[in-house]
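*Asks:*
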Amino acid sequence: MEKKKGNSTSYLLALGFILALTFPTLLSASRFYAIKDHLFPEFIKWHVSVVNSLNYNQILFTHCKSSEDDVGINNLSPGSNITWSFRTDFFHSTMFWCYVTKDSASLKFEAFRYDERLFNKCDWKNCIWVAKDDGVYLKNLSQRLDELVYKWDTGM
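Using my numbering, the first residue of the sequence shown is number 61, and each one after it goes up by one.
1) Tell me which same chain residues have a C-beta within less than 7 Å of the C-beta of Ser140, skipping the five on either side of it?
2) On the DSSP letters alone, give me the boundaries of the alpha helix (DSSP H) that Leu17 sits inside.
3) Using the C-alpha atoms, what's the distance from Tyr116 back to Lys199?
4) By how many angstroms is the C-alpha of Glu128 removed from the C-alpha of Leu201?
5) What separation, rounded to the nearest whole angstrom, lies between the Cα atoms of Asn43 and Ile188?
6) Tell me, which residues are paired with Asn112 by DSSP?
7) Identify the residues that DSSP records as bridge partners of Ile133: which are they?
8) Grouping DSSP H, G and I as helix and E and B as strand, with all else coil, what is Ile142?
9) Is Thr154 helix, strand or coil by DSSP?
10) What are the boundary residues of the beta strand (DSSP E) that Asp206 is part of?
11) Consult DSSP for Ser166 and reduce its assignment to one of helix, strand or coil.
12) For Thr214, name the three-state secondary structure that DSSP assigns.
13) Applying the 10 Å Cβ sphere with the 16-neighbour rule, what's the burial state of Phe151?
14) For a quick check, are the C-beta atoms of Val110 and Ala165 less than 9 Å apart?
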């Protein structure tokens, strides 16, 4: 009795096709959501915000950009913010930096880079930077507190 080679090949192709169709569905199921995000952070749509929490009605000037995208120049009134969204590149080299100034001080800081410590503080999707009178804080969403990360440079 001669065996047909086509049957095993057809079976493997069919199995591969079924797995290809069901794998994204499994990843989007709620119980697999955290696993997907931690294993494949490049699939996450990131949101980065800069918030003006300065006192005395100070305007916050912001200019945020990456090597590929320019978020633009903004003058944020007290309580307002700028937010942008993106996905990281496959090579984990995505980085955004911001130049911010207030009445008497300025600073340049990394608003996003591929760093698991940053991911944990941003709850793996939302990095919120808050400009206050003494510097720029990162909202640590997992611990529910603002952490001072950068102090203002007053030597403009």
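Note that the Cβ used here is the ideal one computed from N, Cα and C, for glycine as well.
*Replies:* The short version:
1) For Ser140, where only same-chain residues beyond five positions count, the Cβ hits under 7 Å are Asn112.
2) In the structure as shown, the chain starts at 61 and stops at 216, and residue 17 therefore has no counterpart that could be examined.
3) Computed Cα separation, rounded: 22 Å.
4) Each residue's Cα considered, the two are about 27 Å apart.
5) As displayed, the chain neither begins before 61 nor continues past 216, which places residue 43 out of reach and without an answer.
6) In DSSP, Asn112 forms a bridge with Ala191.
7) Paired residues: His123.
8) When secondary structure is reduced to three states using DSSP, Ile142 falls in the strand class.
9) Residue state for Thr154 is assigned as coil, using DSSP reduced to three classes.
10) Unbroken beta strand (DSSP E) run through Asp206: Leu205 to Lys211.
11) Looking at Ser166 - three-state DSSP - the assignment turns out to be strand.
12) In the structure shown, the three-state DSSP call for Thr214 is coil.
13) Counting the other CB atoms within 10 Å of its CB gives Phe151 a total below 16, which places it among the exposed residues.
14) It is not a contact, given that the beta carbons lie outside the stated cut-off.
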